[in-house]
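The structure appears below as structure tokens.
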Amino acid sequence: MTLSNLCDANDESVFGGKAKNLSLSLQAGLRVPDGLALSHLFVAELISDNESAWKSLKNAFSKKFGGSVAVRSSAIGEDGHNSSFAGQHLSILNINSYDKLIESIREVSDSVNSDAAKGYRNKIGISDSSVEMAIVIQSLVSADSSGVIFTKNPTSKAREYVIESSWGLGEIVVSGQVIPDYFRIDLDGRILEKRVGVKDIILKLNENGVEEQEVTGSRVSELSLSNAQLTELYTLSQNCQTLFGPDLDIEWCISENKVYLLQCRPITT
Numbered sequence: 094m095t096l097s098n099l100c101d102a103n104d105e106s107v108f109g110g111k112a113k114n115l116s117l118s119l120q121a122g123l124r125v126p127d128g129l130a131l132s133h134l135f136v137a138e139l140i141s142d143n144e145s146a147w148k149s150l151k152n153a154f155s156k157k158f159g160g161s162v163a164v165r166s167s168a169i170g171e172d173g174h175n176s177s178f179a180g181q182h183l184s185i186l187n188i189n190s191y192d193k194l195i196e197s198i199r200e201v202s203d204s205v206n207s208d209a210a211k212g213y214r215n216k217i218g219i220s221d222s223s224v225e226m227a228i229v230i231q232s233l234v235s236a237d238s239s240g241v242i243f244t245k246n247p248t249s250k251a252r253e254y255v256i257e258s259s260w261g262l263g264e265i266v267v268s269g270q271v272i273p274d275y276f277r278i279d280l281d282g283r284i285l286e287k288r289v290g291v292k293d294i295i296l297k298l299n300e301n302g303v304e305e306q307e308v309t310g311s312r313v314s315e316l317s318l319s320n321a322q323l324t325e326l327y328t329l330s331q332n333c334q335t336l337f338g339p340d341l342d343i344e345w346c347i348s349e350n351k352v353y354l355l356q357c358r359p360i361t362t
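Per this note's numbering, residue 94 is the first one in the sequence shown, and the count goes up by one each step.
What follows is the structure in structure tokens.
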């Protein structure tokens, strides 16, 4: 039963791959929203209503966080070179009270039993009994823009960086609800292509969680990243590859012109 600071959660068999990679990124000095990591055994104790576990979490939560958090899945074996559970397991944003934290942990833990997750496991030959859910709790960043980076072109397989971005929180990009802006950058950091998307929806924080809002006016067709921000994302990509090797799928956000790493995992084959 383990509750750990995220920067110390580098054992994938205990905390899952998401937590491990974020932990190593923090240790390397990358800008990652800090937080807590709950081992799969600790999550199991919470779900079984172990009073001592909930008390430990409440104390750690009150000491660690002064604002809203994100509760994110970090299942054991969730992301690897041959499989990715992106979108199969739940993450919940803008949790601003301990009562909501309790509810969110139960929901994220139970997402391992969703029809989508079970169907995906069956498709790739992973048994239901082999999956154990760990959880990451992180300080929430109010993003001005967000998106993904592929360190190899997922379509052409060219050795170049592909960046997709939109306004607001990145779930809008990952879920395919907008046509994101599209950028290609070569290995030396030169911008090869900029393509404006159709960013007519933005996902923003509100007092009850998150909400979709309509994007109006020129922002629909304005690029969501400047050249300087593209250069910072190129640098982030290089730093991630130094830590984790080539062929990465990187989730990021920008808030007040600061780039944050949210997740780094292998591109699935």
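Using N, Cα and C, we set each Cβ at its ideal position, and we do this for glycine too. None of these values were measured; they are calculated from a predicted model.
Q) CA-CA distance, CYS333 and ASP127? A) 17 angstroms
Q | Status (buried if at least 16 other CB within 10 Å, exposed otherwise) for GLY240 | A | buried
Q. Among all the DSSP beta bridges, which residues are the ones paired with GLU307?
A. ILE294
Q.
Measuring alpha carbon to alpha carbon, tell me which residue in GLU304, MET226, GLY290 is nearest SER106.
A. MET226
Q.
Buried or exposed, going by whether 16 or more other CB atoms sit within 10 Å of the CB of ILE347?
A. buried
Q. In the structure shown, what three-state DSSP assignment does LYS151 receive?
A. helix
Q: Could you give the DSSP three-state label for ASP203: helix, strand or coil?
A: helix
(Q) Among the candidates VAL136, GLN322, SER149, TYR191, whose CA atom is the shortest distance from the CA of SER166? (A) VAL136
Q. Once you ignore the five residues that flank ASP293 on each side, which residues in its own chain have a CB closer than 6 angstroms to its CB?
A. VAL308, VAL313
Q. So what's VAL229 in DSSP terms, helix, strand or just coil?
A. strand
Q. By how many angstroms is the C-alpha of VAL267 removed from the C-alpha of ARG124?
A. 21 angstroms
Q: Look up CYS346 in the DSSP assignment and give the residues it is bridged to.
A: SER239, TYR353
Q | Reduced DSSP category for LYS156 - H, G, I as helix; E, B as strand; rest coil | A | helix
Q) Buried or exposed: where does LEU323 fall if 16 or more other Cβ atoms within 10 Å of its Cβ makes it buried? A) buried
Q. What residues in its chain sit with their C-beta under 8 angstroms from that of ILE284, if we drop five residues either side in the sequence?
A. PHE276, ARG277, ILE278, ASN320, LEU323
Q. Cα separation between ALA121 and ASP104?
A. 16 angstroms
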